[in-house]
Amino acid sequence: MCVKYSFTQRHNKGFTLLELLVSLLIFAVLAVMAYGGLQAVLDAQKRTAAQAMQLAELQTFFAILSRDIEQMIDRGIRDNYGEAQSSLTGDQTTLEFTRTGWRNPAGFTRSHMQRVAYIMDDNRIIRQGWQVLDRAQGSVPIENALIDDVNEFEVRFLDQDLQWQSHWPVLNTNLTNIPGGLPRAVEIVVDIEGWGRITRLFSVVSGLPAQSTTSTTTTTPQSTTQETTTPETNIIEEQASP
3 MCVKYSFTQR HNKGFTLLEL LVSLLIFAVL AVMAYGGLQA VLDAQKRTAA
53 QAMQLAELQT FFAILSRDIE QMIDRGIRDN YGEAQSSLTG DQTTLEFTRT
103 GWRNPAGFTR SHMQRVAYIM DDNRIIRQGW QVLDRAQGSV PIENALIDDV
153 NEFEVRFLDQ DLQWQSHWPV LNTNLTNIPG GLPRAVEIVV DIEGWGRITR
203 LFSVVSGLPA QSTTSTTTTT PQSTTQETTT PETNIIEEQA SP
């Protein structure tokens with residue numbers, strides 16, 4: 003009986019303290035490794051979501067800007083002080099112009115033309131839009147922030163002589179504006195945090211010269227032949243190199 007009791011007691015003993023400590027150490031190492039891998043996945047997912055959101059904002063900004071510039075028209079306005087302003091005014095950091103095609107799904111009594119402006123304020127590009135063209139003293143624009151984290155916003159204008167201008171209307175030697183017309187194209191450069199410098203060139207349809215058709219008639223002894231010559235279309239992107 004004594005021998006059997008001793009054998010049973012020897013096989014029912016639990017883990018020693020050293021074995022428990024080793025087990026806890028292994029479990030802690032595995033937990034740290036698992037948490038580190040999970041944290042890396044979560045950080046990557048967070049960065050991807052932030053970049054995707056910023057890319058969507060950037061695409062929306064360029065889509066709205068392209069729509070506005072392509073519908074630019076030569077229609078001057080009067081500002082809040084009653085001073086006449088050109089259809090397009092701008093310098094290296096601001097852009098303001100008149101556009102057409104302003105949608106009116108609710109059928110309000112208003113013009114289809116709108117005055118819009120793009121400015122940079124507090125590292126954001128803001129689009130301003132006025133309800134009327136010729137403004138009164140109390141007229142205030144409706145502002146929408148299109149994109150954040152902007153380090154730089156530059157604007158250039160391509161004139162009819164294919165020369166780049168930093169101001170519009172163009173400044174003459176007396177630093178006064180030379181009135182008249184719209185540029186052929188507008189170049190926009192934005193420096194976005196994490197994306198770098200992005201350059202886009204937008205053609206101004208209203209600023210392009212009209213394509214004329216010249217007809218000449220040549221008479222021969224056998225027949226009369228009419229020849230029609232059409233000038234080649236200017237391609238802004240090829241001629242607008244700095």
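Position one of the sequence shown corresponds to residue 3 (our numbering), numbered consecutively onward. Even glycine gets a Cβ: it sits at the ideal position worked out from N, Cα and C. Just so you know, these numbers come straight off a predicted model, no measurement behind them.
Residue i to residue j span [Cα, whole Å]
i      : j      : result
Ser25  : Leu148 : 56 Å
Thr95  : Arg105 : 27 Å
Val171 : Asp161 : The residue you asked about is not Val; residue 171 is Pro in the sequence shown. Taking the straight line from one Cα to the other gives about 10 Å.
Val188 : His114 : 23 Å
Gly16  : Val31  : 24 Å
Ile180 : Leu173 : Confidence in Ile180 is poor, its pLDDT being 49 and thus under 50, which makes the residue's placement unreliable; the coordinate value appears in the next sentence. Answer to the nearest angstrom: the Cα atoms are 6 Å apart.
Thr222 : Thr91  : Any reading at Thr222 must be qualified, since the residue scores a pLDDT of 41, below 50, and its modelled position is unreliable; the value itself is stated next. Approximately 54 Å, taken between the alpha carbons.
Leu57  : Gln133 : 30 Å
Gly103 : Ser88  : 19 Å
Ala138 : Gln116 : 15 Å
Val43  : Ile200 : 30 Å
Leu141 : Asp123 : The sequence given here has Ser at residue 141, not Leu. In a straight line, the C-alpha of Ser141 is about 20 Å away from that of Asp123.
Lys48  : Leu164 : 45 Å
Leu203 : Glu72  : 11 Å
Gly198 : Asn125 : 14 Å
Thr111 : Arg186 : 32 Å
Asn82  : Thr50  : 45 Å
Leu19  : Met55  : 53 Å
Leu22  : Val152 : 57 Å
Ser68  : Asp45  : 34 Å
Trp166 : Leu40  : 53 Å
Asp70  : Gly84  : 25 Å
Close-in-space but distant-in-sequence residues of the same chain around residue i (CB under 6 Å, 5 per side omitted)
i      : result
Thr226 : Low local confidence applies: a pLDDT of 36 at Thr226 is under 50, so the model's placement there is unreliable, and no value is given.
Ile128 : Ile121, Glu145 and Ala147
His169 : Asp93
Pro107 : none
Contact set for residue i: own chain, Cβ-Cβ below 7 Å, skip 5 residues either direction
i      : result
Ile28  : none
Ala86  : Gly78 and Arg80
Leu210 : Arg186
Phe99  : Met74, Ser89, Leu90 and Val118
Whether residue i touches residue j by CB criterion (7 Å)
i      : j      : result
Arg80  : Asp136 : yes
Gly109 : Val118 : no
Leu184 : Ser205 : no
Cut-off 8 Å between Cβ atoms - residues of its own chain near residue i, not counting five sequence neighbours on either side
i      : result
Gln53  : Gly196
Asn176 : Residue placement at Asn176 is flagged as unreliable, the pLDDT there being 49, under the threshold of 50; the coordinate-derived value follows with that caveat. Same-chain partners within the cutoff: there are none.
Glu59  : Leu148, Ile149 and Asp150
First and last residue of the uninterrupted beta strand (DSSP E) at residue i
i      : result
Ala119 : Gln116 to Asp123
Thr100 : Leu97 to Arg101
Asn153 : Val152 to Leu160
Phe110 : Premise fails: Phe110 is in no beta strand (DSSP E) and is neither H nor E.
Gly198 : Gly198 to Ser205
Ala147 : Ile144 to Ile149
Ala138 : No beta strand (DSSP E) holds Ala138; DSSP gives it neither H nor E.
Leu90  : Leu90 to Gly92
Gln130 : Arg126 to Gly131
Glu189 : Ala187 to Ile194
Boundaries (first-last residue) of the alpha helix (DSSP H) holding residue i
i     : result
Gln61 : Leu19 to Glu72
Residue-chain proximity (residue i, chain C), Cβ-Cβ < 7 Å
i      : result
Ser168 : In the displayed structure, chain C is absent; only one protein chain is listed.
Would you check if there are 3 or more beta carbon pairs closer than 8 Å linking the stretch 71–78 to the stretch 29–38?
-> no
Can we say the stretch 153–161 touches the stretch 86–95, given the rule of at least three CB pairs closer than 8 Å?
-> yes
contact_flag[the stretch 45–64, the stretch 186–204] where n(CB pairs < 8 Å) is 3 or more = yes
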